[in-house]
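Below is one structure; the comments refer to it alone.
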Amino acid sequence: MTFSLRRLVLATGCLLLAGNALAAEPKRPECIAPASPGGGFDLTCKLVQSALVNEKILSKPMRVTYMPGGVGAVAYNAVVAQRPADAGTLVAWSSGSLLNLAQGKFGRFDENAVKWLAAVGTSYGAIAVKSDSPYKTLDDLVAALKKDPSKVVIGSGGTVGSQDWMQTALIAKAAGINPRDLRYVALEGGGEIATALLGGHIQVGSTDISDSMPHIQSGNMRILAVFSEKRLDEPEMKDIPTAKEQGYDIVWPVVRGFYLGPKVSDEDYAWWKASFDKLLASEDFAKLRDQRELFPFAMTGEELDGYVKKQVADYKALAREFGLIQ
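According to mature numbering (1 follows the signal peptide of the UniProt record, and there is no 0), the sequence shown holds residues -23 to -1, 1 to 303 in order.
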């Protein structure tokens, strides 16, 4: 072998090794759920924790850690400012995260501050009550709110302007009630909403159908309305009425997915994107998603980035309509 040819072979080998190193499985993969355990972010992380191992994309389950605060704001700021290049850290997001970004609730960072990776499913907003609640329908709740809104304590994930707040604000608007007159308790995600509702600290939970299903199946909670276009085609959900069929034209999908830090390399981002493309095409993943009461919504890479930017723009328009931003 000539010297030049030997150099070429060695150089090619080095490039292959470098490429494999860049595209390698992260050593300590982690999924941050930006809320307390038990809610939608937790559900989203645990869904892919199982699925990535089942599909042999990861050799061992990623850690799930919790970083509550600001319905995603604390985690967003921590990753962007402190761990921007950590290729092993995924952070769960939802439509509620995008709504908060639209209102500037994540501080100095906007929707352009991270690398949007994948959307893996969708749920729908819902209004929940305890199983023994006097409110049997959405009209029952609206009647009570019209009579005296201060007597109905509503728990929501986040403060005024949050996704859960917006759901009840849309109901109030449709019923001719000033949303500002509603009595809210700000909680950190679906897990805390369920705990407060079952403990009798709130009368109504503005929440998410996926978060609520374990409590519905146990008989402790009921759903007055789900904010989907039509009744959900699942055996345990088919009897839950939509807001639309009760005369309230409100649809609120809750898309769930993941982002990476802004300085994660293009190679590592491409590895994750390819991994999620494989995952989202898997029948086994579809079964896992269904078991966690999520519905199909698959999007990655540039397509997802465009979707996120459009959603944020649409949410800004809605926030202006309610006087939440200028």
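Backbone N, C-alpha and C fix where the C-beta goes; we use that ideal spot for every residue, glycine too. Remember, predicted model here, so these are calculated numbers, not experimental data.
Could you name the residues that DSSP lists as bridge partners for residue i?
i, result
"Lys113", "Lys113 pairs with nothing; no bridge assigned."
"Gly98", "Arg233"
"Leu147", "The partner list for Leu147 (beta bridge, DSSP) is empty, contrary to what the question assumes."
"Leu164", "Gly134"
"Val181", "Ile131"
"Ala93", "Per the sequence shown, residue 93 should be read as Trp rather than Ala. Bridge partners of Trp93: Tyr236."
"Glu279", "BP columns for Glu279 are empty, so no partner."
Is the CB-CB distance between residue i and residue j below 9 Å?
i, j, result
"Pro239", "Ser205", "no"
"Gly132", "Ala95", "no"
"Phe235", "Ala1", "no"
"Gly153", "Ile104", "no"
"Ala55", "Gly84", "no"
"Ile179", "Val203", "no"
"residue 375", "Ile34", "Past the edges of the chain, shown from -23 to 303, lies residue 375, and the structure says nothing about it."
"Gly81", "Ile217", "no"
"Trp228", "Lys221", "First, the amino acid is wrong: residue 228 is Val here, not Trp. Yes, Cβ-Cβ distance for Val228 and Lys221 is below 9 Å."
"Leu257", "Val97", "yes"
"Val106", "Leu201", "yes"
May I ask you to report which of helix, strand or coil DSSP gives residue i?
i, result
"Pro273", "coil"
"Pro230", "strand"
"Val203", "strand"
"Asp256", "Reading off the sequence shown, one finds Leu at residue 256, where the question assumed Asp. Helix."
"Tyr225", "coil"
"Ala28", "helix"
"Ser133", "strand"
"Asp188", "helix"
"Val106", "strand"
"residue 322", "Residue coverage of the chain in this structure runs from -23 to 303, which leaves residue 322 outside it and unanswerable."
"Ile193", "helix"
"Glu88", "coil"
"Ala79", "helix"
"Ala10", "strand"
Any contact between the region 83 to 91 and the region 110 to 124? By contact I mean 3 or more CB pairs, one from each, below 8 Å.
In this structure the region 83 to 91 does not touch the region 110 to 124; the number of beta carbon pairs closer than 8 Å is below three.
Between the region 5 to 19 and the region 156 to 175, can you find at least three pairs of beta-carbon atoms closer than 8 Å?
Taking a cut-off of 8 Å on C-beta distances, the region 156 to 175 touches the region 5 to 19, as three or more cross pairs fall below it.
Would the region 16 to 25 and the region 261 to 276 be scored as touching if the rule is three or more Cβ pairs under 8 Å?
yes
Which runs of the beta strand (DSSP E) at least 3 residues long sit entirely within the region 12 to 74? Give them in chain order.
40 to 43 and 66 to 71
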